[in-house]
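K.L.:
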Amino acid sequence: MAERLIELKHIRKSFDGEAALDGIDLYIRKREFLTLLGPSGCGKTTMLRIIAGFESADEGDVIFDGKRINDVPAYKRNVNTVFQRYSLFPHMNVADNVAFGLSIKKVDKKERAARVSKMLELVGLAGFEKRWPDSLSGGQQQRVAIARALINEPEVLLLDEPLAALDLKMRKEMQLELKKMQQQLGITFIFVTHDQEEALTMSDTIVVMSRGQIQQIGTPIDIYNEPANAFVADFIGESNLIDGVMNADYRCTFAGHTFECLDKGFAKNEQVEVVVRPEDIDIVPEEKGMLSCMVESIVFMGVHYEIMLRGEDGMEWMVHTTDPVSVGERVGIYLEPDAIHVMKSSDEPLASEQEAEEWAEAEEQA
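Position one of the sequence shown corresponds to residue 0 (numbering that gives the first Met the number 0), numbered consecutively onward.
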């Protein structure tokens, strides 16, 4: 396992009395692609800015390679940042934009040209040296910004929603390109996004955040298949969230039926929350189902149908399937034990829309 490169210890940060980060403890390994994921205002950009040195924590320590760097200014930290707005110099061509950091350091002109050439080849822009920024597409401008950040050979590259301005096709291409670059360079990437698909596609580790706190840390597979709470389950992909009762190990009652599951370790008859992913629900003939439902709506999503069912108890179920059914048809649903994930009941409700807006305003002030 790679050694730790960055550690955040008990980090707190407030703006106008509102806590943007509330007791953050996190470590990031060398050569890791780690994503800070969460809705607007959750604190992810504030955390990135504290790592970069653009903001100071009110409390806690930032440790880089074993040394406390709270008081080290941003320009002395061995990190570079790529922002959503690429901020290329319009009066400089591509080569001069990429070489800007080397020029500041007075690197020899011949070495500068060689490093620029190598970096543009890495980001797929070989031959673009003399082009001007306004002649480039959004994706090409982003590649130039990444090359400019990487040419200084930082140990860590910070990326603050760098794909947000791209169209869907370009965004998907750049997701794969960024992951490939990170693996080739062997440096640590810390990526900020609110896009779940980006996080699942690129990351070694995902840190899910809400209200200035870490909700869960894990691999993409762990985060998706084993959400720690209702917030994570609801935020990562589509979910059916149901209140239930854990009767005993491997047995849970919800939606008026007792199901076999793979979970254990709960108190007898403990109130729990249950997650069932839409793609894990099997639609079967009504007489073969565990629950009986009516098909209320069908939407074709390209690779599957999104079907809304309503059970006899009035509960709605979202199902993703390739099996065609008809609106108004009565069907059964069948759940295998591994389709059911049982979680502790959440202590707090999810943030309201107003609360989310207030947190977003606080983070923007960073």
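Glycine is no exception: its CB is placed at the ideal position from the N, C-alpha and C atoms. In this text, all values refer to a predicted model and were calculated from it rather than measured experimentally.
1. By how many angstroms is the C-alpha of residue 287 removed from the C-alpha of residue 331?
2. Kindly provide the ranges of any alpha helix (DSSP H) runs that are 4 or more residues long and lie completely inside the stretch 287-338, ordered along the chain.
3. Determine whether the beta carbon atoms of residue 169 and residue 132 lie at a separation below 9 Å.
4. So if DSSP puts residue 193 in a beta bridge, which residue, or which two residues, is it bridged to?
5. Under a Cβ-count criterion, where at least 16 other Cβ atoms within 10 Å of its own Cβ denotes burial, should residue 366 be classed as buried or exposed?
6. In the stretch 215-286, which residue ranges form an unbroken alpha helix (DSSP H) of at least 4 residues, counting only runs that do not cross its ends?
7. Can you give me the start and stop residues for the alpha helix (DSSP H) that residue 116 sits inside?
8. Please tell me whether residue 251 has its Cβ less than 9 Å away from any Cβ of chain B.
9. Beta carbon of residue 245, beta carbon of residue 267: below 9 Å?
10. Using DSSP with H/G/I as helix, E/B as strand and the rest coil, what is residue 79?
11. Quick one: Cα of residue 369 to Cα of residue 322, how far?
12. Identify which residue in 167, 343, 157 has its Cα closest to the Cα of residue 30.
13. Taking the alpha carbon of residue 95 as the reference point, which residue from 148, 163, 326, 220 has its own alpha carbon closest?
14. Thinking C-beta only, is residue 208 closer than 9 Å to residue 42?
15. Looking at C-alpha atoms only, which residue of 285, 324, 13 is the closest neighbour of residue 304?
16. If contact is defined by three or more beta carbon pairs under 8 Å, each pair taking one atom from either stretch, is the stretch 193-201 in contact with the stretch 16-30?
17. Taking C-alpha atoms, which residue in 14, 104, 17, 32 lies nearest to residue 5?
18. How many whole angstroms separate the CB atoms of residue 264 and residue 251, which I take to be in contact at a CB cut-off of 8 Å?
19. Give the DSSP bridge partners of residue 340, in chain order.
20. Note down the Cα distance separating residue 298 from residue 319, rounded to an integer number of angstroms.
21. Check residue 144 in the structure and name its three-state DSSP category.
22. Since I believe residue 307 is in contact with residue 295 (beta carbons under 8 Å), could you give me their beta-carbon distance rounded to a whole number of angstroms?
23. Please state whether DSSP places residue 31 in a helix, a strand or coil.
24. Grab the span of the alpha helix (DSSP H) containing residue 175 for me, first residue to last.
25. If you follow the beta strand (DSSP E) that residue 59 is part of, which residue opens it and which one closes it?
26. Just to confirm my understanding: we take residue 277, look at its own chain, exclude 5 residues before and 5 after, and list those with CB closer than 6 Å. What are they?
27. Given a cut-off of 9 Å, decide if residue 49 and residue 7 are closer than it, judged by their beta-carbon atoms.
28. Using 10 angstroms around the beta-carbon of residue 205, count the other beta-carbons present and answer buried if the total reaches 16, otherwise exposed.
29. List the endpoints of the continuous alpha helix (DSSP H) containing residue 103.
30. Distance check for residue 258 and residue 173, CA to CA, integer angstroms please.
31. Pair every Cβ in the stretch 133-145 with every Cβ in the stretch 104-112, then say whether three or more of these pairs are closer than 8 Å.
32. Closer than 6 Å by C-beta to residue 203: which residues in its own chain qualify, once you throw out the five before and the five after it? Chain order, please.
33. Can we say the stretch 109-127 touches the stretch 186-194, given the rule of at least three CB pairs closer than 8 Å?
P.N.:
With the given structure in hand:
1. 6 Å
2. none
3. no
4. Paired residue(s): none; residue 193 is not in a bridge.
5. With the chain represented from 0 up to 365, any question about residue 366 goes unanswered, as that position is not in the structure.
6. 219-224, 229-234
7. 108-121
8. Chain labels in this structure do not include chain B; a single protein chain is all it has.
9. Yes, these two residues count as a Cβ contact at 9 Å.
10. strand
11. The question about residue 369 has no answer, for the chain in this structure spans 0 to 365.
12. 157
13. 148
14. yes
15. 324
16. no
17. 32
18. So it is not a contact: roughly 12 Å between Cβ atoms.
19. 274
20. Our two residues, residue 298 and residue 319, have alpha carbons roughly 10 Å apart in a direct line.
21. helix
22. 5 Å
23. coil
24. 167-184
25. It spans 58-63 - the beta strand (DSSP E) in which residue 59 sits, taken as one unbroken run.
26. 237, 317, 318, 319
27. yes
28. buried
29. Element bounds for residue 103: 99-103.
30. 42 Å
31. no
32. 31, 32
33. The stretch 109-127 is not in contact with the stretch 186-194.
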